[in-house]
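Asker: Starting off with a structure, shown below.
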Amino acid sequence: MFDTLDIFKTAHAAAKHAAGRQSVVAENVANSDTPGFKARDIGTFEDLVNQSSTSGLRTTRETHINTPANTRSTGTFIDRNLEASPNGNTVSIETEMLKSIEAERQHSRAMAVYQSSLNILRSSLGRGG
Amino acid sequence: MNDLNKTLALATSGLRAQSARLRLVSENLANSDTPGYQRKIASFAQEMMNTQAVGEVRQGPVRLDQTTLPKVYDPSHPMADEKGYYDGSNVNLMVEIADAREAQRSYEANLKLFEQSRKMSASLLDILRR
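Taken in sequence, the protein lines are chains A and B. Using the numbering used here, you'd call the opening residue of the first sequence number 0 and step up by one each time. Using the numbering used here, you'd call the opening residue of the second sequence number 78 and step up by one each time.
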């Protein structure tokens, strides 16, 4: 488990992803009354994990452009399946609230994992815990 | 941490824009009986930096409601014309109250996000404390 400290990397990536998602949600909420604003979203952490394990697109030739892992999922994209209000704005406050709570929970989960792994590491070093 | 800082800035821009909107609403309400007053409308736009949207919201130019002012009949009014009419204001109290409530809701949503991001960064800093 602690050979490569993968769990810290995973917890770090999860927390980073949650913070990025929260930032996108904040952008949507701040612009919830801006005419013509299109709501944005960011891929789930699950997608990110699945994608980085397969290390990007599979290519048939080496000369093909191989997008490095986690460029697509971490990038923001415009959510096109939403209904626009008369002024062309597609932000729904309810959806954004839900997404922000999801992000917060993911963040605190990541923090809990990080904290508890740190405690295990500390006690294995013999500094109490 | 960078993302969380950005979130705080974004939420702040939303709070600022919504409170500016609420200020315009209260201006309208205060002037609902001022003769010839045209209702002010808040507009929102995206903050641009070098023609690229940075995500923050800012208040756009204030527009005036161009609907025709109602004629009020009061011959004793100092501004009345020879037929006894003067221009009222086109402020509709119902619309203003609804607008104020909408501003309040958006303000609360931004505040909620601010609070949540603050909590997230606090828990991040808690790791250092041990």
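Just so you know, even glycine gets a beta-carbon here, dropped at the ideal spot from N, CA and C. Everything numeric in this text was worked out from a predicted model, so none of it was measured.
Taking just the CA atoms, how far does Gly19/A sit from Ser72/A?
Answerer: Residue mapping note: residue 72/A aligns to position 73 of the first sequence, counting from 1. Residue mapping note: residue 19/A aligns to position 20 of the first sequence, counting from 1. For Ser72/A, the pLDDT reaches just 46, beneath the cut-off of 50, and the residue's location in the model is therefore unreliable, although a value from the coordinates is still provided. Cα to Cα, Ser72/A sits roughly 11 Å from Gly19/A.
Asker: Closer than 8 Å, Cβ to any Cβ of chain B: which residues of the region 10-28 of chain A, in chain order?
Answerer: Hits within the stretch, in order: Ala14, Lys15, Ala17, Ala18, Gly19, Gln21, Ser22, Val24, Ala25, Glu26 and Val28.
Asker: Note down, in chain order, each residue of its chain lying with its Cβ closer than 8 Å to the Cβ of Ala97/B, except the 5 sequence neighbours on either side.
Answerer: Along the second sequence, one-based indexing puts residue 97/B at 20. Correct list, in chain order: Ala119 and Gln136.
Asker: Give me the Cα-Cα distance between Thr94/A and Ala38/A, rounded to the nearest whole angstrom.
Answerer: Position 95 of the first sequence, counted from the first residue, corresponds to residue 94/A. Position 39 of the first sequence, counted from the first residue, corresponds to residue 38/A. One C-alpha to the other measures close to 10 Å.
Asker: Count the other CB atoms, across all protein chains shown, that sit within 10 Å of the CB of Asn86/A; report buried if there are 16 or more and exposed otherwise.
Answerer: Stepping through the first sequence from its first residue, residue 86/A is reached at position 87. Exposed, because fewer than 16 other Cβ atoms sit within 10 Å of the Cβ of Asn86/A.
Asker: For Lys148/B, report the span of its beta strand (DSSP E) as first-last.
Answerer: Within the second sequence, residue 148/B is the residue found at index 71, counting from 1. Element bounds for Lys148/B: Lys148 to Tyr150.
Asker: Residues of chain B with a CB under 7 Å from the CB of Asp32/A: which are they?
Answerer: Taking the first residue of the first sequence as 1, we reach residue 32/A at position 33. Phe121 and Ser183, listed in chain order.
Asker: Which word fits Thr70/A, buried or exposed, when buried means at least 16 other C-beta atoms lie within 10 angstroms of its C-beta?
Answerer: The residue given as residue 70/A occupies position 71 in the first sequence. Unreliable positioning characterises Thr70/A in this predicted model, as indicated by a pLDDT of 44, which lies under 50. The coordinate reading is nonetheless provided below. Exposed is the call here.
Asker: Going by beta carbon distance, what residues of the same chain come within less than 7 Å of Thr3/A, once the five residues before and after it are set aside?
Answerer: In the first sequence, counting from the first residue as 1, residue 3/A sits at position 4. There are no such residues.
Asker: Find the residues of chain B that neighbour Ser99/A, judging by a C-beta separation of less than 8 Å, and give them in chain order.
Answerer: The count along the first sequence starts at 1 and reaches residue 99/A at position 100. Lys189, Leu190 and Gln193, listed in chain order.
Asker: Could you work out which residues of chain A lie near Lys83/B, taking near to mean beta carbons separated by less than 7 Å?
Answerer: For this step, residue 83/B is matched to residue 6 along the second sequence. Within chain A, the residues near Lys83/B are Ser22.
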